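Asker: Below you will find the structure I want to go over with you.
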Amino acid sequence: MVPPFRNEPFTDFSQEANRRAMFEALARVESEFGREYPLLIGGKPQTTGDLLKSVNPSQTDQVVGWAHRGGPEHVDQALEAAWKAFTAWSRRPVEERARYLFQVAHIMRRRKFELAAWIVLEVGKSWAEADADVAEAIDMCEFYGRQALQYEGPRPVTPSPLPGEYNEWFYIPLGAGAIIPPWNFPLAILVGMTMGAVAAGNTVVVKPSSESPIVAAKFMEVLQEASLPEGVVNYLPGAGSKVGDYLVAHPRTRFIAFTGSMEVGLRINEMAARTAPGQIWIKRVIAEMGGKNAIIVDSSADLDAAAEGIVVSAYGYSGQKCSACSRAIFLDDVYEAGVERVIERAQKITVGPTKDPANWMGPVVSQSAYQSILGYIEVGKSEGKLLLGGHALEEVGNGWFIAPTIFGDVSPSARIAQEEIFGPVLACLRARDFDHALEIANGTVYGLTGGVYSRTREHIERARREFHVGNLYINRKITGALVDVHPFGGFNMSGTDSKAGGRDYLLLFLQAKSIAEKF
0 MVPPFRNEPF TDFSQEANRR AMFEALARVE SEFGREYPLL IGGKPQTTGD LLKSVNPSQT
60 DQVVGWAHRG GPEHVDQALE AAWKAFTAWS RRPVEERARY LFQVAHIMRR RKFELAAWIV
120 LEVGKSWAEA DADVAEAIDM CEFYGRQALQ YEGPRPVTPS PLPGEYNEWF YIPLGAGAII
180 PPWNFPLAIL VGMTMGAVAA GNTVVVKPSS ESPIVAAKFM EVLQEASLPE GVVNYLPGAG
240 SKVGDYLVAH PRTRFIAFTG SMEVGLRINE MAARTAPGQI WIKRVIAEMG GKNAIIVDSS
300 ADLDAAAEGI VVSAYGYSGQ KCSACSRAIF LDDVYEAGVE RVIERAQKIT VGPTKDPANW
360 MGPVVSQSAY QSILGYIEVG KSEGKLLLGG HALEEVGNGW FIAPTIFGDV SPSARIAQEE
420 IFGPVLACLR ARDFDHALEI ANGTVYGLTG GVYSRTREHI ERARREFHVG NLYINRKITG
480 ALVDVHPFGG FNMSGTDSKA GGRDYLLLFL QAKSIAEKF
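Quick note on numbering: numbering that gives the first Met the number 0 labels position 80 of the sequence shown as 79, and the sequence is numbered without any gaps.
Structure below.
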């Protein structure tokens, strides 16, 4: 009997034992810096000599590790290995597949501090953010293992039996697919997409982000420790233009699960829609593609609570969450007071290397992100009034640090109010009334997360109906979705509304078969 699902508790770093364990984990991880990590195809490591350097964004002269990069020939090999493993894996009893997921969760729980330390040092998350990343990865395994059990076995297909026939239907896995995860949740989203597909009986080729290949390699170590059969999950770092495109377009790729930018997601969707010679199926694409998320604050709101929620949502992990708040929309009569409270809280944010738990906000992940965000800040200076920040923090250290930035009186049509910046930049906008606030909030191509701070029931109910986002939060922050509590996925150009961590998610990796037998 599998006990009911419960979310993994977050680590309390105010306890000295936990702080000491985290410092020790960071030291152990740093002692492993500079190692090489091979491809893993069919359970066999392969070196290519084409090395991808992963650096610590808080201290860019530190090399976290080197990942061997693959090429198109390795995609062919990985898909061959995945399809070979699929025959046996898809036929294993679902209870057995679920136990593999539970064992993976157990290993990650035991290695929680170590995995969190890798996340802190490879992608610059704070201790709390890294710990939450690992906790979510554990949740994904525990939850999807349980959910897989719900889809096993035949089911009656008709409300009433048809005389003389036995009718049933059941779910079968899709086959071998591609998993293309992001760097901003380098463990949680990687694990969720990978193990969701695996729990449903599929096999996969994982092409990790080039910003977080070492965390992905550490997850492969976890799978090996759990003795997952060879070829069920294959690890293949590589350039998007060489490996990613070839993997997506390959005639033997049955499905693609992707999380990342709108531009890349649309390219994947377009490529996957083209039928390659020898392809015998329509590829399924599961995509989550970011957002331009807004929090509305009306005249009845608790302005202190709203300001706190906006700041945490906008600057947690340096604004590098697809769910992050990048637009704060205040009704005109509370605009000045609301923005003032946001500035007061943002001014108190400590920025610096996240190895130090005193720093609430760390760097952005890469030089390219750093330059892009600073470019948007320059654009913002011509589109709104700079109220806070607006510059790099070169004095903080040898890392990609940017000050928490706030622009005021931004037009709804401004670039910084329309385009996803993916950094610590907040645009504050005025609305005449709640109708206008909803119009502004819905006035982008995205529809991922949104929030409303209000004590007015009519406004709350209207937001429920009219705020067109996949995840709406009322009187709380708009980040921090929990597995099986806040199924996560967006509308419009935010993706295919996959609702990761929800009870329908595994259906995306399954297909239904109906059978009628006449007696």
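Note that the Cβ used here is the ideal one computed from N, Cα and C, for glycine as well.
Just so we're clear, the structure is a prediction, and the values are computed from it rather than from any experiment.
Considering just the uninterrupted stretch of the beta strand (DSSP E) at Ala-175, what are its terminal residues?
Answerer: Against the sequence shown, residue 175 aligns to sequence position 176. Start and end: 175-179.
Asker: Could you give the distance in angstroms between the alpha-carbon of Gly-64 and the alpha-carbon of Phe-112?
Answerer: Along the sequence shown, read from residue 1 onward, the residue named residue 64 stands at position 65. Along the sequence shown, read from residue 1 onward, the residue named residue 112 stands at position 113. Computed Cα separation, rounded: 19 Å.
Asker: Can you check DSSP and say which residues form a bridge with Ile-171?
Answerer: Sequence index remark: in the sequence shown, residue 171 carries index 172 (1-based). Its beta-bridge partners are Gln-510.
Asker: Going by DSSP, name the residue or residues bridged to Pro-67.
Answerer: Translated into positions along the sequence shown, residue 67 becomes position 68. First, the residue type needs correcting, since residue 67 is His and not Pro in the sequence shown. Bridge partners of His-67: Leu-50.
Asker: Can you tell me the Cα-Cα spacing of Val-428 and Ile-294, whole angstroms?
Answerer: For this step, residue 428 is matched to residue 429 along the sequence shown. For this step, residue 294 is matched to residue 295 along the sequence shown. Going by the sequence as given, residue 428 is Leu instead of Val. About 10 Å.
Asker: Taking 8 Å as the threshold, find out whether the stretch 173-188 comes into contact with the stretch 246-258 through three or more Cβ pairs.
Answerer: With a cut-off of 8 Å, the stretch 246-258 and the stretch 173-188 count as touching, because enough Cβ pairs lie within range.
Asker: How close, in whole Å, do the beta carbons of Gly-41 and Leu-235 come, if the pair is a contact with beta carbons under 8 Å?
Answerer: Counted from its first residue, the sequence shown places residue 41 at position 42. Counted from its first residue, the sequence shown places residue 235 at position 236. No, Gly-41 and Leu-235 are not in contact; Cβ-Cβ is about 11 Å, not under 8 Å.
Asker: If I follow the unbroken beta strand (DSSP E) through Phe-257, where does it start and stop?
Answerer: By 1-based counting over the sequence shown, the position of residue 257 is 258. First-last of the beta strand (DSSP E) with Phe-257: 254-258.
Asker: Note down the Cα distance separating Arg-344 from Glu-335, rounded to an integer number of angstroms.
Answerer: On the sequence shown, residue 344 is found 345 positions in, with the first residue counted as 1. On the sequence shown, residue 335 is found 336 positions in, with the first residue counted as 1. Approximately 15 Å, taken between the alpha carbons.
Asker: Grab me the residues of Met-219's own chain with a C-beta within less than 6 Å of its C-beta, minus the 5 sequence neighbours each way, in chain order.
Answerer: Here the question's residue 219 lines up with position 220 in the sequence shown. The answer, listed in chain order, is Leu-39 and Tyr-234.
Asker: Taking the runs of the beta strand (DSSP E) that are 3 residues or longer, which of them lie wholly in the stretch 388-448?
Answerer: Counting whole runs of 3 or more residues, the stretch 388-448 contains the beta strand (DSSP E) stretches 404-407 and 424-430.
Asker: For Asn-474, tell me which candidate among Asp-60, Glu-307 and Ser-208 has the shortest Cα-Cα distance.
Answerer: Within the sequence shown, the letter at position 475 stands for residue 474. Among Asp-60, Glu-307 and Ser-208, the Cα nearest to that of Asn-474 is on Glu-307.
Asker: If you draw a straight line from the C-alpha of Gly-501 to the C-alpha of Asp-132, how long is it?
Answerer: Along the sequence shown, one-based indexing puts residue 501 at 502. Along the sequence shown, one-based indexing puts residue 132 at 133. Taking the straight line from one Cα to the other gives about 17 Å.
Asker: State the start and end residues of the unbroken alpha helix (DSSP H) segment that holds Thr-478.
Answerer: On the sequence shown, position 479 is the one that residue 478 refers to. Element bounds for Thr-478: n/a, residue is neither H nor E.
Asker: Return the first residue and the last residue of the alpha helix (DSSP H) that Leu-120 is part of.
Answerer: Taking the sequence shown and counting its residues from 1, one reaches residue 120 at position 121. From DSSP, the alpha helix (DSSP H) with Leu-120 extends over 111-122.
Asker: Less than 7 Å separating the beta-carbons of Gly-488 and Ser-497?
Answerer: Indexing the sequence shown from 1 puts residue 488 at position 489. Indexing the sequence shown from 1 puts residue 497 at position 498. Contact flag set, yes.
Asker: Quick check on Gly-450: does DSSP put it in helix, strand or coil?
Answerer: For this step, residue 450 is matched to residue 451 along the sequence shown. Strand.
Asker: How would you write the range of the alpha helix (DSSP H) that Cys-140 sits in, first residue to last?
Answerer: In the sequence shown, counting from the first residue as 1, residue 140 sits at position 141. Run containing Cys-140: 126-149, per the alpha helix (DSSP H) assignment.
Asker: With a CB to CB cut of under 7 Å and the five nearest residues on each side skipped, what residues in its chain are close to Glu-522?
Answerer: Any answer about residue 522 is impossible in this case: the structure gives the chain only from 0 up to 518.
Asker: For Ile-342 versus Leu-386, is the C-beta distance shorter than 7 Å?
Answerer: Sequence index remark: in the sequence shown, residue 342 carries index 343 (1-based). Sequence index remark: in the sequence shown, residue 386 carries index 387 (1-based). A contact, by the Cβ cut-off of 7 Å.
Asker: Between the Cα of Met-261 and the Cα atoms of Trp-126, Arg-90, Ser-493 and Gln-146, which residue gives the shortest distance?
Answerer: The residue labelled residue 261 in the question sits at position 262 within the sequence shown. Here the closest residue by C-alpha is Ser-493.
Asker: Note the first and the last residue of the continuous alpha helix (DSSP H) segment covering Gln-346.
Answerer: Taking the first residue of the sequence shown as 1, we reach residue 346 at position 347. Neither: Gln-346 is in no alpha helix (DSSP H) and is coded neither H nor E.
Asker: Starting from Ala-327, trace the alpha helix (DSSP H) both ways and give me its first and last residue.
Answerer: Along the sequence shown, read from residue 1 onward, the residue named residue 327 stands at position 328. From DSSP, Ala-327 is part of no alpha helix (DSSP H) but of the beta strand (DSSP E) over 324-330.
Asker: In the DSSP assignment, the beta strand (DSSP E) including Thr-202 goes from what residue to what residue?
Answerer: The count along the sequence shown starts at 1 and reaches residue 202 at position 203. That run of the beta strand (DSSP E) goes 202-205.
Asker: Please state the DSSP three-state secondary structure of Glu-287.
Answerer: On the sequence shown, position 288 is the one that residue 287 refers to. Strand.
Asker: Pick from Leu-186, Leu-302 and Lys-206: whose alpha carbon is nearest that of Gly-176?
Answerer: Working through the sequence shown from its first residue, we reach residue 176 at position 177. The residue with the shortest Cα to Cα distance from Gly-176 is Lys-206.
Asker: Quick one: what's Gln-61 bridged to in DSSP?
Answerer: If you number the sequence shown from 1, residue 61 lands on position 62. Per DSSP, none; premise fails for Gln-61.
Asker: Give the DSSP bridge partners of Pro-44, in chain order.
Answerer: Numbered from its first residue, the sequence shown carries residue 44 at position 45. For Pro-44, which the question treats as bridged, DSSP gives the partners Leu-39.
Asker: Assess contact between the stretch 320-327 and the stretch 446-457, defined as three or more Cβ pairs (one per stretch) separated by less than 8 Å. Is contact present?
Answerer: Judged by Cβ distances under 8 Å, the stretch 320-327 makes contact with the stretch 446-457, as three or more pairs qualify.
Asker: Which value, in whole angstroms, describes the spacing of the CA atoms of Tyr-375 and Gln-366?
Answerer: Residue 375 sits at position 376 when you count from the first residue of the sequence shown. Residue 366 sits at position 367 when you count from the first residue of the sequence shown. Distance between the alpha carbons of Tyr-375 and Gln-366: 14 Å.
Asker: Would you check if the distance between the CB atom of Gly-144 and the CB atom of Ala-80 is smaller than 7 Å?
Answerer: Along the sequence shown, one-based indexing puts residue 144 at 145. Along the sequence shown, one-based indexing puts residue 80 at 81. No, the Cβ-Cβ distance between Gly-144 and Ala-80 is not below 7 Å.
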